[in-house]
Amino acid sequence: MKKRNIVLLAGMLLTLGSLSGCGASQDDTIVLRVANWEEYIDEGDWGEDEVIELEDGTQIFGENSLVDDFETWYYETYGQKVKVEYSTFGTNEELYNQITIGDVYDLACPSEYMIMKMLREDKLRPYSESFFDPEIEENYYVINVSPYIRSVFEELTIEDQKLSDYAVGYMWGTLGIVYNPEVVSPEDASQWSLLLNEDYYKQITIKDSVRDAYFAAITLSYYDIIMDPAFLADPDYHEKLSKILNRTDEETVARVEEILSKAKRNVYSFETDAGKADMVTGKVVANEQWSGDAVYTMDQADEDGLELCYSAPKEGTNLWFDGWVMLEKGLSEDPRKQQVAESFVNFLSMPENAIRNMYYIGYTSSISGGDDGMIFDYLKWNYEADPEEEEDVVEYSVGYFFDYGKEDADERYTLLTSEDQTRRQLYAQYPTKDVVDRSVVMACFDEEDNERINRMWTNVRCFDLKYFFSE
């Protein structure tokens, strides 16, 4: 009798649970599980002296975290309570491993090649058609995304599936070299061969990342081809450069291994995060770095009275981006979550929130602001120079980012800045058009290619037997 009552009670509870909605808590709050990089969103708590006041008088200030502000905004906009369970990861591979062992997220922010890998494995859900409707007022992403970033996403496909259907841009940038101009000449820093330059023996660090190290080395292995004047003038230059810098055949991997083995003997170390501090303290004079971390490094050095610079090497550089993707496994638990996930992306795509993120983390948002001039005004707030008060003022165009493909874009989106910013924070955050023209997105390699490259990386990092026995 007791057993029957327990069964009936359980059935009643299940019925009540189904009426309240799968995945909803007792107060009908929808829980959105978000995975993002560490320290990659505005966490609020700004100081009183950190108010951003733009030219038109607009004030921007991060009092609360953007996550908390989103929960408030969503309830005020849609009348539904949401709770964001926010998690972080340190590498793309860490995120992938977390998902593989059973962690469930609804929304995540991996990098381009990991997005492609997850798409190939059917882990992602496409954004809804309504998300891309510019007539819907709350669709801040499609209204405000940079036309340049949109074009990059639309050109990328994996197994005939368009990346732009499954991912939207968050932050973007280039891979380059932070250097101390008092020690390293701009010419030396403009080439990836700096990693092999014995004039800076044990004074340079390189990323402890197979893909970032591979990218630098492959430009050197094909230097004669990609720097040939005829190649540079080819109408299909960018397409051909992309194919070369994404090669993974056995001969190419062997050449890369040889270059990285030589670099290993010349550099101070392979590093993941220590390079920023080592540049500021002067332990090293150059560091392979992502543009966003380069900005952080230069900012920290400025506080200590040390001027550092950034270079995007002339042979070619990696155009990287991190983008928001919706995970099928998480969203399948509750159909209401997709609308919340898309709203989270839209909320972060409001120009004022994109500015808060850029100010807080130092990386460059994929948001240009559409017809709203707030992002460009923020750029001027950071870097505009007064020619009457400063010497060596130059024009710096970012028209491609704000109005890609328009003939008069450079006229409307050119700011006056100090000459030194053409090789410092401004250059790192918003590279010139010639830099993006020689920037290539890393492809998603198949399992055979990954195995070959990882085996090469293990040889370089752990064994380096060829060079051990040759000495």
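Going by this note's numbering, the first residue of the sequence shown is number 3, and it counts up by one from there. C-beta atoms are modelled at their ideal positions from N, C-alpha and C, and glycine is treated no differently.
Would residue i and residue j be called neighbours here (beta carbons separated by less than 8 angstroms)?
i: residue 187; j: residue 315; result: no
i: residue 62; j: residue 397; result: no
i: residue 434; j: residue 387; result: no
i: residue 2; j: residue 319; result: Nothing can be reported for residue 2: it is not among the residues displayed for the chain, which extend from 3 to 473.
i: residue 311; j: residue 181; result: yes
i: residue 328; j: residue 97; result: no
i: residue 251; j: residue 282; result: no
i: residue 268; j: residue 197; result: yes
i: residue 463; j: residue 217; result: no
i: residue 82; j: residue 88; result: no
i: residue 345; j: residue 143; result: no
i: residue 247; j: residue 208; result: no
i: residue 49; j: residue 65; result: no
i: residue 146; j: residue 372; result: yes
i: residue 285; j: residue 298; result: no
i: residue 259; j: residue 461; result: yes
i: residue 163; j: residue 270; result: no
i: residue 178; j: residue 313; result: yes
i: residue 80; j: residue 35; result: no
i: residue 183; j: residue 309; result: yes
i: residue 479; j: residue 441; result: The requested residue 479 is not part of the displayed model; the chain covers only 3 to 473.
i: residue 44; j: residue 362; result: yes
i: residue 333; j: residue 382; result: no
If I measure Cβ to Cβ from residue i and keep anything under 7 angstroms in the same chain, skipping five residues before and after, which residues do I get?
i: residue 403; result: 148, 150, 370, 432
i: residue 153; result: 406
i: residue 24; result: In this predicted model, residue 24 has a pLDDT of only 44, less than 50, meaning its place in the structure is not dependable enough to derive any value.
i: residue 409; result: none
i: residue 360; result: 366, 367
i: residue 160; result: 118, 121, 122, 446
i: residue 236; result: 242
i: residue 317; result: 193, 194, 221, 225, 228, 229
i: residue 171; result: 147, 151, 155, 323, 325, 368
i: residue 199; result: 190
i: residue 439; result: 240
i: residue 347; result: 143, 170, 326
Checking the sheet assignment: what are the DSSP bridge partners for residue i?
i: residue 110; result: 37, 327
i: residue 126; result: 329
i: residue 321; result: 176
i: residue 88; result: 36
i: residue 386; result: 419
i: residue 55; result: 61
i: residue 67; result: Per DSSP, none; premise fails for residue 67.
i: residue 313; result: 179
Enumerate in chain order the residues of its own chain whose CB-to-CB distance from residue i is below 6 angstroms, with the five nearest sequence positions on each side excluded.
i: residue 27; result: Unreliable placement is indicated for residue 27, whose pLDDT of 46 sits below 50; the coordinate value is still reported in the next sentence. Closer than 6 angstroms at the Cβ level, and outside the excluded window around residue 27, lies no residue.
i: residue 459; result: 212
i: residue 341; result: none
i: residue 257; result: 223
i: residue 210; result: 272, 273, 274
i: residue 31; result: 83, 85
i: residue 401; result: 411, 412, 415
i: residue 374; result: 353
Just to confirm my understanding: we take residue i, look at its own chain, exclude 5 residues before and 5 after, and list those with CB closer than 8 angstroms. What are they?
i: residue 376; result: 56, 60, 353, 354, 357
i: residue 40; result: 90, 91, 92
i: residue 21; result: The predicted model places residue 21 with a pLDDT of 36, which falls under 50 and marks its position as unreliable, so this point remains unresolved.
i: residue 384; result: 427, 428
i: residue 38; result: 88, 89, 90, 91, 110, 111
i: residue 280; result: 207, 270, 273, 286, 289
i: residue 245; result: none
I'd like to confirm something about residue i: is its beta-carbon nearer than 7 angstroms to some heavy atom of the ligand MN, or not?
i: residue 420; result: The ligand MN is not among the ligands present in this structure, which contains no ligands whatsoever.
Please go through the segment 249-278 and give each complete alpha helix (DSSP H) segment of 4 or more residues, from N-terminal end onward.
252-268
Just checking, does the segment 50-60 make contact with the segment 116-129 on the three C-beta pairs under 8 angstroms criterion?
no
Report yes or no: do the segment 229-249 and the segment 281-295 share at least 3 C-beta pairs separated by less than 8 angstroms?
no
Only counting runs of 4 or more residues, tell me where the alpha helix (DSSP H) segments fall wholly within the segment 275-302, in order along the chain.
276-283
Between the segment 133-144 and the segment 89-105, can you find at least three pairs of beta-carbon atoms closer than 8 angstroms?
no
At least three beta-carbon pairs within less than 8 angstroms, the segment 440-457 to the segment 102-122
yes
For the segment 144-232, which segments carrying the beta strand (DSSP E) assignment without a break, of at least 3 residues, lie completely within its bounds, in sequence order?
169-181, 206-209
For the segment 352-418, list the alpha helix (DSSP H) runs that are entirely contained and at least 4 residues long, ordered along the chain.
353-363, 376-385, 401-404, 411-414
Any chance you could list the alpha helix (DSSP H) runs of at least 4 consecutive residues sitting entirely within the segment 438-465, in chain order?
449-460
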